[in-house]
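When we follow this note's numbering, the leftmost residue of the sequence shown carries the number 699, and every step to the right adds one. Every residue gets a Cβ at the ideal spot worked out from N, C-alpha and C, and that includes glycine.
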Amino acid sequence: MMDKEQVFQFHVSEDMAGERMDVVLAASLEEVSRSYIQKLIETGRLELNGDVCRIKKHKVSFGDDIKLTLPEPEEIEVAAENIPLEIVYEDDDLVIINKAKGMAVHPAPGNESGTLVNAVMHHCRGSLSSINGKIRPGIVHRIDKDTSGLIMVAKTDTAHRALADQLATHSVTRLYSAIVYNNFADDAGTVDAPIGRDPKNRLRNAVTDTNARRAVTHYQVIERFGKFTHIEAQLETGRTHQIRVHMAYLKHPIVGDQMYGPKKKVFGTETQLLHARKLGFVHPKTGEYMEFETELPEEFMRVLDKLRDGL
């Protein structure tokens, strides 16, 4: 979270040209809701080529200079909400949840409710680790809002530290299923390529040597469908959008991922077909290795069935 007023500025690249102003900004500031960005535009906090712009639907052009001033945020009061959760496992130390696609992990300005944090606060009755503060209680790691699947939540600070240490040493098993574009030459492989902000498009991440961190993804082909492939990807590191960026880097963007892949919608899906299917770690108290697996979601299976039927 920001602790003071922050200026976000960039030039519009060719692939952004023609998009709505609020859409372009929302794609970059993922933790800030589009409705909140619209309010900032309406209140004069956006400059377009040096002049104030209050038109949220304005279509940007290649080379436009965009400057958005984000105000110092007011402290968010996170409320417990009775939101249904699919609990895969729970004990006194942690909870494993199968997160639904479309649910943000934690609150952010303009998006203070309906998140996983709101839900677990109600479910756990306040028994959550405090290490990440009031906004992210219990949250040890994150998955994207539009990625479904398994996520672990710590109930105690001791459990949180132990799980975070395992993530830092890359000993946590994190296996994802995805449907991607194009056919692979090999049945398996590893992408060891650093990820940072895309120097050509500040709205997303990319494989780059500029201000980047090492990122390693292992992948394996599960089923081939000619123009599409069903794969499994295992994270060794955990960078933001790592699998999405690495697959796009290999020219195999994830189906439905309009940030890193084709904007054309296929199979009726508007967000990435990416599911965190398997999660394994050493229990922070018992020392026992535990592994959990969930079935592929209905949307994912629907697309697989279409591909198996030859579209």
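> Does the segment 994-1004 come within contact of the segment 864-874, defined as at least 3 CB pairs closer than 8 Å?
Replying inline: no
> Asn-747: buried (16+ other C-beta within 10 angstroms of its C-beta) or exposed?
Replying inline: exposed
> Alpha carbon to alpha carbon, what distance is there between His-928 and Leu-861?
Replying inline: 30 Å
>> Using only the alpha-carbon positions, how far apart do Arg-743 and Val-750 sit?
In response: 7 Å
> Should Ile-877 be counted as a contact of the ligand SAH given a C-beta to heavy atom distance under 6 Å?
Replying inline: Here there are no bound small molecules, and the ligand SAH is not part of this structure.
> Smallest Cα separation from Glu-996: which of Phe-706, Ala-798 and Leu-768?
Replying inline: Ala-798
> Are Gln-736 and Asp-762 touching if we call contact CB-CB under 7 Å?
Replying inline: no
> Helix or strand or just coil, what does DSSP make of Arg-743?
Replying inline: coil
>> To test your reading of the DSSP string, which unbroken alpha helix (DSSP H) runs of 4 or more residues are found completely within the segment 806-886?
In response: 814-821 and 855-866
>> Buried or exposed, going by whether 16 or more other CB atoms sit within 10 Å of the CB of Thr-741?
In response: exposed
> Whose C-alpha, out of Leu-994, Lys-983, Val-710 and Val-722, is nearest the C-alpha of Asp-855?
Replying inline: Lys-983
>> Considering Cα atoms alone, identify which of Pro-782, Val-953 and Glu-717 is closest to Tyr-879.
In response: Val-953
>> Between which residues of its own chain and Val-793 is the CB-CB distance below 6 Å, once the five residues before and five after are set aside?
In response: Val-851
> What residue range is occupied by the uninterrupted alpha helix (DSSP H) comprising Phe-998?
Replying inline: 996-1006
>> From the DSSP secondary-structure annotation, give me the bridge partner or partners of Glu-989.
In response: Gly-978
> By Cβ distance, which residues of its chain are closer than 8 Å to Val-815, with the 5 residues on each side in sequence left out?
Replying inline: Val-776, Val-803, His-804, Pro-805, Ile-833, Arg-834, Pro-835, Gly-836 and Ile-837
> So what does DSSP say about Arg-902, is it helix, strand or coil?
Replying inline: coil
> Whose CA, out of Met-801, Asp-790 and Leu-723, lies closest to the CA of Lys-765?
Replying inline: Leu-723
> Between Ile-781, Leu-826, Ala-904 and Phe-760, which lies nearest to Glu-788 when the distance is taken from Cα to Cα?
Replying inline: Leu-826
> Can you pull the DSSP bridge partners for Leu-792?
Replying inline: Ala-852
>> Give me the residue from Phe-926, Arg-732 and Arg-942 with the minimum Cα distance to Val-914.
In response: Arg-942
> Can you pull the DSSP bridge partners for Val-705?
Replying inline: Thr-767
> Taking the continuous alpha helix (DSSP H) assigned at Gln-940, which residues delimit it?
Replying inline: 940-947
> What is the rounded straight-line gap between the Cα of Gln-704 and the Cα of Thr-767?
Replying inline: 6 Å
> Looking at the structure shown, is Arg-911 part of a helix, part of a strand, or coil, going by DSSP?
Replying inline: strand
> Leaving out the 5 sequence neighbours to the left and right, which residues in its chain are closer than 7 Å to Arg-922 when beta-carbon positions are compared?
Replying inline: Asn-881
> Quick one: Cα of Arg-718 to Cα of Val-919, how far?
Replying inline: 37 Å
> What is the DSSP secondary structure of Met-714, counted as helix, strand or coil?
Replying inline: coil
> Per DSSP, what kind of secondary structure is Lys-737 in: helix, strand or coil?
Replying inline: helix
>> For Arg-902, count the other beta carbons within 10 Å of its own beta carbon; 16 or more makes it buried, fewer makes it exposed. Which is it?
In response: buried
>> Between which two residues does the beta strand (DSSP E) holding Thr-935 run?
In response: Segment: none, Thr-935 is in no beta strand (DSSP E) and carries neither H nor E.
> Going by DSSP, what residues sit across from Glu-930 in a beta bridge?
Replying inline: Ser-875 and Gln-918
>> Using the Cβ count rule (16 or more neighbours within 10 Å means buried), how would you classify Pro-897?
In response: exposed
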